[in-house]
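Numbered per numbering that gives the first Met the number 0, the sequence shown spans residues 0 to 338. The beta carbon of each residue, even a glycine, is placed where N, CA and C say it ideally should be.
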Amino acid sequence: MTGAMLLLALFSAPKWELTLDQTFSGPKGQAPDTKVWGRDLGGGGFGNNELQSYTDGNANAFLDGDGHLIIEARKEPTKGPDGIARDYSSARLKTKGKFEQRYGKFEARMKLPKGQGIWPAFWMLGANIDEVGWPRGGEIDILEYIGRMPTTVYGTLHGPGYSGGASIQGKTEAPDLSEAFHNYAVEWAPEKIVWTFDGKPYFTLEAKDVGNKDWPFEKPQFIILNLAVGGQWPGYPDATTVLPQRLVVDHVKVWKDANLVVDEAALAKRHAERRAAKVEFKQPAPTKLPGVVKLSDYLPGEGVAHVNLDATHAPHPCGRAHAPASHAEAHARREGACE
0 MTGAMLLLAL FSAPKWELTL DQTFSGPKGQ APDTKVWGRD LGGGGFGNNE LQSYTDGNAN
60 AFLDGDGHLI IEARKEPTKG PDGIARDYSS ARLKTKGKFE QRYGKFEARM KLPKGQGIWP
120 AFWMLGANID EVGWPRGGEI DILEYIGRMP TTVYGTLHGP GYSGGASIQG KTEAPDLSEA
180 FHNYAVEWAP EKIVWTFDGK PYFTLEAKDV GNKDWPFEKP QFIILNLAVG GQWPGYPDAT
240 TVLPQRLVVD HVKVWKDANL VVDEAALAKR HAERRAAKVE FKQPAPTKLP GVVKLSDYLP
300 GEGVAHVNLD ATHAPHPCGR AHAPASHAEA HARREGACE
């Protein structure tokens, strides 16, 4: 197949075939299907200084009996299997090792929570994250939203050289997202990702948009649904925050495009040419000042937009002891405010 034929395949009308259909039917209180959904557990902060402990079973993620999945964040003392005590509980579901797909349409219909420090997300990570690490496996944030800004929808992309504070982000405005269900989706094809809100595109990225940086979005990814409390980007709960808060999910559906035919050799060649054009400047490692700055989280090209302070000398932004982060699936974000 020639490059021209590949482009023709990309721009022909998709023929969507359903590959995942989660409509959350079942009795009230039942946990979501364990054949599809696994969990991340504990209170390690997940690279963002989040304040909740993620739990297992149906404590914070359950069916409501009316065809919805509920992910509920609560203010309650919780200690996870990692032994870290937190003041909040919630849940983080993932399809890692259970459902992973390369390309297609990924959609969730949801009603979002609201309030200072409340941070739901519907997103994906590369299925190879354990081998290559983050952000080299790529991260597609289908929906990000912070509860103090209930009318703004964000879509974000993280890859090598454009992650954390240097990520690439688009947004759109809508009526209060906590008052009604809406569809949040991406349509993902070779070298291109389109974000949509209620079926209307609002943000598009192509491989050429990241210049000669790596575009790791040609391999399968898995889905994550979570509801965080606090973090560097949304800030932290304050006196105005009402808990519990619920992320209500009507469905999660995934389709593949039966019309899509990919010339793997041509695709690999273009990415190889992009990498070959990359110019890297090597410089001596800076002198490390004990207790001041950690450099381990930086990748070439990411600049200094996001700084990790040495936990032994820098206080937690909310005056708490720092918890060790699970950096393999970290979700680095921006600074926020504490109560």
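Asked                                                                                                                                          : Found
Taking the beta carbon of P119 as the centre, do at least 16 other beta carbons fall within 10 Å, making it buried, or is it exposed?          : buried
Given a threshold of 16 other Cβ atoms within 10 Å of its Cβ, counted over all protein chains shown, does L19 qualify as buried or as exposed? : buried
Quick one: grab the DSSP three-state call for K170.                                                                                            : strand
Is DSSP giving L50 helix, strand or coil here?                                                                                                 : coil
Ends of the alpha helix (DSSP H) at K268?                                                                                                      : E263 to A275
Assign V241 to one of three DSSP states: helix, strand, or coil.                                                                               : coil
Taking the C-alpha atoms as reference points, what is the distance between K191 and F180?                                                      : 27 Å
Under the three-state reduction of DSSP, which class applies to A310: helix, strand or coil?                                                   : The predicted model places A310 with a pLDDT of 36, which falls under 50 and marks its position as unreliable; any figure quoted below should be read in that light. Looking at A310 - three-state DSSP - the assignment turns out to be coil, as it is neither helix nor strand.
On a Cα-Cα basis, can you pick out the residue from V247, W214, L68 and L226 that is closest to A271?                                          : W214
Cα separation between D249 and A257?                                                                                                           : 25 Å
Could you give the first and the last residue of the continuous alpha helix (DSSP H) run that contains V131?                                   : I128 to V131
Using only alpha-carbon positions, find the residue among G169, Y53 and I139 that is nearest to K74.                                           : Y53
Is the distance from the Cβ of L40 to the Cβ of P80 below 8 Å?                                                                                 : yes
Quick check on DSSP: helix, strand or coil for K14?                                                                                            : coil
Just to confirm, is the Cβ distance from G141 to Y102 under 8 Å?                                                                               : First, the amino acid is wrong: residue 141 is Ile here, not Gly. It is not a contact, given that the beta carbons lie outside the stated cut-off.
Around the Cβ of K93, are there at least 16 other Cβ atoms within 10 angstroms (buried) or fewer (exposed)?                                    : buried
Using DSSP with H/G/I as helix, E/B as strand and the rest coil, what is V228?                                                                 : strand
Identify every residue that forms a DSSP beta bridge with H181.                                                                                : M109
May I ask you to report which of helix, strand or coil DSSP gives K218?                                                                        : coil
Whole angstroms is fine: what's the gap from G164's alpha carbon to K170's?                                                                    : 16 Å
Short check: CB of G234 to CB of G116, under 8 Å?                                                                                              : yes
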